[in-house]
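A quick write-up on the structure given underneath.
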Amino acid sequence: MNKVEFSPSLMTMDLDKFKEQITFLNDQVDSYHIDIMDGHYVPNISLSPWFIQEVRKISTLPLSAHLMVTEPAFWVQQLIDINCEWICMHAEVLDGLAFRLIDQIHDAGLKAGIVLNPETPVSVILPYIDRLDKVTIMTVDPGFTGQRFIEGALDKIVELRELREEYDYHYVIEMDGSSNRKSFKRIDEANPDIYIVGRSGLFGLDDDIAKAWSIMVADYQEMTGKVLSS
């Protein structure tokens, strides 16, 4: 049996079936992934702190906010104000801000994460890696759904696992981008702790969320040869 954590990306869910899909997934997953885009760091605008509050009305699971924004300090405070359990910021916009924002999140009793774009090396976060609760590796360019999987980015997951083991760091490792039947085997070999699943891996598999979940589980098990534990 293999314990794998799948965290659905709610940006890709059917918002017309918001309550139905969340209610079902509450019994299947350990957390939810919520993309917040400002239209500047990436050319799209997506979910918001308001959406997090709506999810909270029907779920007690931890929520992880992925900030794709140019002004992370503004958004971090908003997420602290609503007690979002995980606040994950892109390393690429943290020049001169990383230590202060990580401490601000921790001082609020919340967990701090860093996201690395496909072309950003792990070395960028080494000055503060010991303070992190999560590192997310993007396996697509951020900001759009349905992009081509960037397999080479998975090497950073292996590097992060080796660093964690050698130095006893406590962060979890998450992958985000085109996690689906075609990529499950290669992702499994890199061995992240958390898979973000979106439209191609979950929500787009069937209009019925229970059927879509069953298809996703079957795809993972077939492609990796592993049986998921409940």
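Per UniProt numbering, the sequence shown starts with residue 1, numbered consecutively.
Ideal Cβ placement from N, Cα and C applies to all residues, glycine included.
Just the C-alpha distance for residue i and residue j, rounded to the nearest angstrom, thanks.
| i | j | result |
| --- | --- | --- |
| L154 | I187 | 7 Å |
| S46 | A190 | 29 Å |
| D95 | Y195 | 27 Å |
| S214 | Y128 | 39 Å |
| K111 | L132 | 8 Å |
| A98 | V29 | 30 Å |
| M1 | F74 | No answer about M1 holds up, because its pLDDT of 39 lies below 50 and its placement is not dependable. |
| H33 | L61 | 11 Å |
| V124 | G109 | 25 Å |
| D219 | K226 | 10 Å |
| R100 | P72 | 11 Å |
| D208 | R148 | 25 Å |
| E151 | T120 | 14 Å |
| Q93 | M68 | First, the residue type needs correcting, since residue 93 is Val and not Gln in the sequence shown. If I take the Cα positions, the gap works out to 9 Å. |
| S178 | A91 | 21 Å |
| L126 | E54 | 36 Å |
| H40 | V217 | 35 Å |
| E5 | V172 | 11 Å |
| L228 | E222 | 11 Å |
| V42 | P142 | 7 Å |
| R56 | K182 | 32 Å |
| S59 | P49 | 15 Å |
| K3 | H66 | 23 Å |
| I87 | D206 | 30 Å |
Could you spell out where the alpha helix (DSSP H) holding residue i opens and where it closes?
| i | result |
| --- | --- |
| D155 | 155-167 |
| V122 | First-last for V122: undefined, no H or E at that position. |
| Q214 | Position check: residue 214 holds Ser in this sequence, whereas Gln was assumed. Unbroken alpha helix (DSSP H) run through S214: 209-224. |
| residue 241 | Nothing about residue 241 can be read from this structure; the chain reaches only from 1 to 230. |
Can you tell which of the options has the C-alpha that lies nearest to the C-alpha of residue i?
| i | options | result |
| --- | --- | --- |
| L160 | G198, M175, D81 | M175 |
| M89 | M37, N180, L25 | M37 |
| S64 | L163, L79, E162, E54 | L79 |
| F51 | V42, H40, I22, T70 | I22 |
| A210 | D27, E5, K3 | D27 |
| E166 | C84, D130, D141 | D130 |
| D107 | V93, Q77, V122 | Q77 |
| P192 | I157, C84, L67, K3 | I157 |
| S7 | D141, V197, K17, R164 | V197 |
| N180 | R56, D141, Y169, T224 | T224 |
| T70 | K57, N44, I82, E85 | N44 |
| A212 | K19, D16, V122, L25 | L25 |
| E85 | S31, V122, D35 | S31 |
Kindly indicate the opening and closing residues of the beta strand (DSSP E) around residue i.
| i | result |
| --- | --- |
| Y171 | No beta strand (DSSP E) holds Y171; DSSP gives it neither H nor E. |
| F6 | 5-8 |
| V55 | Counting along the chain, V55 falls outside any beta strand (DSSP E), though it belongs to the alpha helix (DSSP H) covering 49-56. |
| D35 | 32-37 |
| I196 | 194-197 |
| K134 | 134-138 |
| L228 | Counting along the chain, L228 falls outside any beta strand (DSSP E), and DSSP gives it neither H nor E. |
| H66 | 63-68 |
Quick check: the segment 103-115 against the segment 132-142, are at least 3 beta-carbon pairs closer than 8 Å? yes
(Q) Using a Cβ distance threshold of 8 Å, determine whether the segment 201-217 contacts the segment 6-13, with at least three qualifying pairs required. (A) yes
List, from N- to C-terminal side, the alpha helix (DSSP H) runs of 4 residues or more that fit wholly inside the segment 81-117.
98-107
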